[in-house]
């Protein structure tokens, strides 16, 4: 799904936000997901790196000021940072998908990653014309995570250590095995 056109009007942004929140309520999303939906786009709506960074800085300030619980703050941070790549994940290579999973800490926190995807689905459904449409990115990324989780990381690490590899080399071997597992899904 493409990012919205730059320079949303304030009215359009408000309508979008209400649609996103309505969708999160209709889907029975937990509070952390609803909070992420509320603050997913602070600042301007352009897709530039600078705008995204300003949005994340604004999010941090809001969370600090309101003393937002850690789970809500962390989930909202991942959504704010990664919603663009998640929306466009259908066009990503297996390598880029695994990098996205790593940035989202999906291997250590798969339940939080599922919540990130739910918040992104709510965002997509909040766009005009997408209210009841499918959001295939969610299932595609959950399937990619499941495939990458099937990689026997302990066995790879053990073989790598017996071959003299250590630290970052082992991490790269595991990363490449996960990329191969995700690529095999297609």
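In our numbering, the protein residues as written are 84 to 269. Backbone N, C-alpha and C fix where the C-beta goes; we use that ideal spot for every residue, glycine too. In this text the structure is predicted, and so the values were computed from the model without any measurement.
Which word fits residue 226, buried or exposed, when buried means at least 16 other C-beta atoms lie within 10 angstroms of its C-beta?
Here residue 226 refers to the residue found at position 143 of the chain shown. Per the 10 Å Cβ criterion, exposed.
Could you tell me whether the Cβ atoms of residue 189 and residue 196 are closer together than 8 Å?
Translated into the one-based positions of the chain shown, residue 189 becomes position 106. Translated into the one-based positions of the chain shown, residue 196 becomes position 113. For residue 189 and residue 196, yes; Cβs fall inside 8 Å.
Classify residue 212 as helix, strand or coil using the three-state DSSP reduction.
As a working mapping, residue 212 is identified with position 129 in the chain shown. The answer is coil: DSSP assigns residue 212 none of H, G, I, E or B.
Quick check: the Cα distance between residue 262 and residue 231, rounded to an integer number of angstroms?
Position 179 of the chain shown, counted from the first residue, corresponds to residue 262. Position 148 of the chain shown, counted from the first residue, corresponds to residue 231. Going from the Cα of residue 262 to the Cα of residue 231 covers about 7 Å.
Cβ shell of residue 173 (< 8 Å), same chain only, five flanking positions each side left out:
Counted from its first residue, the chain shown places residue 173 at position 90. So the qualifying residues of the chain are 219, 220 and 223.
Spatial neighbours of residue 145 in its chain, beta-carbon cut-off 8 Å, leaving aside the 5 residues before and after:
As a position in the chain shown, residue 145 is number 62, starting the count at 1. Correct list, in chain order: 122, 125 and 151.
Determine the DSSP secondary structure at residue 224, reduced to helix, strand or coil.
Your numbering for residue 224 matches position 141 in the chain shown. Looking at residue 224 - three-state DSSP - the assignment turns out to be helix.
Three-state secondary structure assigned by DSSP to residue 233
Within the chain shown, residue 233 is the residue found at index 150, counting from 1. Residue state, collapsed to three classes: coil.
Candidates 193, 266 and 258, of which the one nearest residue 235 by Cα
As a first step, residue 235 is located in the chain shown; it is residue number 152 there, counting from the start. The option with the nearest alpha carbon to residue 235 is 258.
Roughly how many angstroms separate the alpha carbons of residue 209 and residue 171, rounded to a whole number?
As a working mapping, residue 209 is identified with position 126 in the chain shown. As a working mapping, residue 171 is identified with position 88 in the chain shown. Each residue's alpha carbon lies about 16 Å from the other.
What ranges does the alpha helix (DSSP H) occupy inside the region 124-174, keeping only unbroken runs of at least 4 residues that lie completely in it?
132-149 and 153-170
Spatially closest choice to residue 168 from 207, 117, 213 and 264, by CA coordinates
As a position in the chain shown, residue 168 is number 85, starting the count at 1. Considering only alpha carbons, the answer is 207.
Do you know how far the Cα of residue 260 is from the Cα of residue 185?
For this step, residue 185 is matched to residue 102 along the chain shown. For this step, residue 260 is matched to residue 177 along the chain shown. The alpha-carbon atoms of residue 185 and residue 260 are separated by roughly 13 Å.
Residue 142: which of 239, 153, 159 and 131 sits nearest, CA to CA?
Working through the chain shown from its first residue, we reach residue 142 at position 59. Of 239, 153, 159 and 131, the residue nearest in Cα terms is 159.
Taking just the CA atoms, how far does residue 249 sit from residue 135?
Looking up residue 135 in the chain shown gives position 52. Looking up residue 249 in the chain shown gives position 166. About 36 Å.
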